[in-house]
Amino acid sequence: MSFREKVIYQIYPKSFRDSDGDGVGDLRGVIEKIPYIASLGVDMVWFNPFFPSPQRDNGYDVADYRAVDPAMGTMDDVEELIARLGEHGIGVMFDMVFNHTSTAHEWFQRALAGERRYRDYYIIRPPQADGSLPTDWESKFGGPAWAPFGDTGEYYLHLFDETQADLNWRNPQVRAEMAEIVNFWRAKGVRGFRFDVVNLIGKDAQLRSAGDGLDGRRMYTDGADVDAYLRELNRASFGRDRDSVTVGEMSSTTVERCVGYSDPDNEELDMVFSFHHLKVDYRDGRKWTLMPFDFSRLKATLHEWAAGMQAGNGWNALFWTNHDQPRALDRFGNATVWRERSATMLATVIHLLRGTPFVYMGEEIGMTDPVYTSVEEYTDVEARNAYATLRAQGLSEADAFDVVHSKARDNARTPMQWDASEHAGFSSTVPWLRPTNQEAISVAAEEESGRILPYYRELIRLRHESPLIAHGTYEAWALEHPSVFAYIRRLESGSPEGPASESGEALLVLTNFYGESTAVAVPEEFRTGRVLIGNVHDDDARLAALAEGASELELAPYEAIAILAG
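Each position in the sequence shown, counted from 1, maps to that position plus 1 in the numbering used here.
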């Protein structure tokens, strides 16, 4: 099966299932829930890092790439997990955090001890002539991106937390180490690899400041050498497996660069994550602000990436939520009055689009952001730092908390809600993050009488069974409509991408992003069609009206409907 036909499920192990009663999720907890994972019909599971880590950045500060954090389990657990998932035809995708290591990593500690070889594994620079930091770059977590390198008088680069030291990919020994790490896991049966912020690895030999008032990200993002490094890694590791699946997380990137990263002719990666569609509720481009999402900008961004990647033979990894984003339901839907309807509408947008869909754990049961009341309930370093910064800027405690509460990464990291019990069926004790609404939202409730989980299962089945959905082309429809996102998928007869009917196939997807009904024009070829999937289920009369000459379809609040051409 091609990666274009797959659906990938993301598990944040710390929050999926706690098997030993310490309040923290673990690998044996995942093993317990394999029957549920298999019931979804997904083809691969992406696991966030479970390597040894001081947990300053919840596992993205890796101290050993070839071991398992004792809090998560053992290597035997990993091997059993891979084998047990494999029995259900489900592959595993591991998270490779290759832009930086924890400062607790042996490499960094040996560099601090004076070993020249390991010093060259990192980006270490003297201060400028006036004693200022090597560049004016800011850390993505706030503050300068440079920290003192021991008592040497020099500084090491950390684009993220101070305990996450950036690796020097210009050093061929570093690149060889990265390939060997991938090969270590390949030998254990891992065929999927997600590369964290991988477009930051191509930093120039001569690092330069951005200058007053300019964005420092442009000085280290999408560097000229990223493509060459990815091709080298491909040839030396995962590219040797015909069934490998790779995705790169791309920070502050462009369509043009992501076409290059994912065009199969370039032999780099299969697909890319971009985040521009998740920045449409950033006031003036700043994350830690409050504003309603800009729907016209969301539509334009989704269209830009769908059309642009198609034109260049690139491939998108499609998602609304992950471990770094608040729940999409709270951002783009209605998590109270229209929770089920808006959850299934958002799912329709992603699963029928050109690209590979990723489902973040809990999304398939309509989980929402937690109902927290103070910043102390958040553990994430980024959220805590942002709160302190907002207070320093003059915001009140209440206003600063409102911003953090809407944008914190921990919103998506609360425990998976298995049932309505005190700790949501996640643990027998108080979890590391508190669930808040499991009485209303849980797997058990969805299995009994829910509408969201069955809808996700149907969308996943359709991608497996329909070459039109997996391989068809994308074209925009009704792009100027003020409340509807719509598109058409086509698979022409004789398409090399997969089997098609003699006359070709076409699918119209209509989704209403608001809580009011609205009318949208329907192309003539779909007016005598049939519904493939929808979340309202009163289609007969409306489709009959189309067949009798109507040119518009009335969409209910948060409705999604996909119509196959007649």
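Just so you know, even glycine gets a beta-carbon here, dropped at the ideal spot from N, CA and C.
When the Cα atoms are used, ALA229 and VAL338 turn out to be separated by approximately 50 Å. Only residues of its own chain outside the window of five on either side were considered, and among them TYR156, TYR157, HIS159 and GLU163 have a CB closer than 7 Å to the CB of ALA148, listed in chain order. For GLY144, DSSP records no beta bridge to any residue. Residue state for SER103 is assigned as strand, using DSSP reduced to three classes. Within the region 374-407, complete beta strand (DSSP E) segments of at least 3 residues are not found at all.
In the displayed model, TRP478 falls within a strand according to three-state DSSP. Of the residues assessed, LEU492 falls on the buried side of the cut-off, its CB having 16 or more other CB atoms within 10 angstroms.
Counted as a single uninterrupted DSSP element, the stretch harbouring LEU231 is not any beta strand (DSSP E) but the alpha helix (DSSP H) occupying residues 227-237. Between the alpha carbons of PHE142 and TRP478 lies a distance of about 39 Å.
Annotated three-state conformation of VAL537 is coil, per DSSP.
Within 10 angstroms of the beta-carbon of ASN314 lie fewer than 16 other beta-carbons, which makes it exposed.
In the DSSP assignment, ASN184 falls within the alpha helix (DSSP H) that extends over 173-187. Scanning THR357, GLU459, GLU549 and VAL372 for the CA closest to the CA of GLY473 turns up THR357. Counting the other CB atoms within 10 Å of its CB gives GLY451 a total of 16 or more, which places it among the buried residues. For PRO468, no pairing in a beta bridge is given by DSSP. In the structure shown, the three-state DSSP call for VAL31 is helix.
Here the alpha carbon of LEU544 sits roughly 7 Å from the alpha carbon of ARG528. Straight across, the Cα-Cα distance linking MET362 with PRO128 is about 45 Å. If you ignore the 5 residues before and after TYR475, its C-beta comes within less than 8 Å of the C-beta of ALA307, ALA308, GLN311, LEU354, ARG355, TYR488, ILE489 and ARG490, all in its own chain and listed in chain order.
Here SER428 has ASP19 and GLY24 as same chain residues with Cβ atoms under 6 Å from its own Cβ, once five neighbours each way along the sequence are excluded. With a threshold of 16 other beta carbon atoms within 10 Å, GLY286 falls short and is exposed. Under the DSSP assignment, GLU449 falls in the alpha helix (DSSP H) whose first and last residues are 444-450. Sequence-distant Cβ neighbours of GLY426 in its own chain, meaning closer than 6 Å and more than five residues away, are TRP419 and ASP420. Contact check for VAL31 and ILE9: beta-carbon distance about 15 Å, past the 8 Å limit, so the pair fails to qualify. For the 8 Å CB-CB criterion, VAL376 and LEU291 do not form a contact. Between the alpha carbons of THR222 and LEU480 lies a distance of about 31 Å. Boundaries of the beta strand (DSSP E) around MET97: 92-97. The residue from PRO327, ARG462 and LEU303 with its alpha-carbon nearest to that of MET368 is PRO327. Secondary structure at MET272: strand, using DSSP grouped into helix, strand and coil. In the DSSP annotation of this structure, the continuous segment of the beta strand (DSSP E) that includes ALA507 starts and ends at 506-513.
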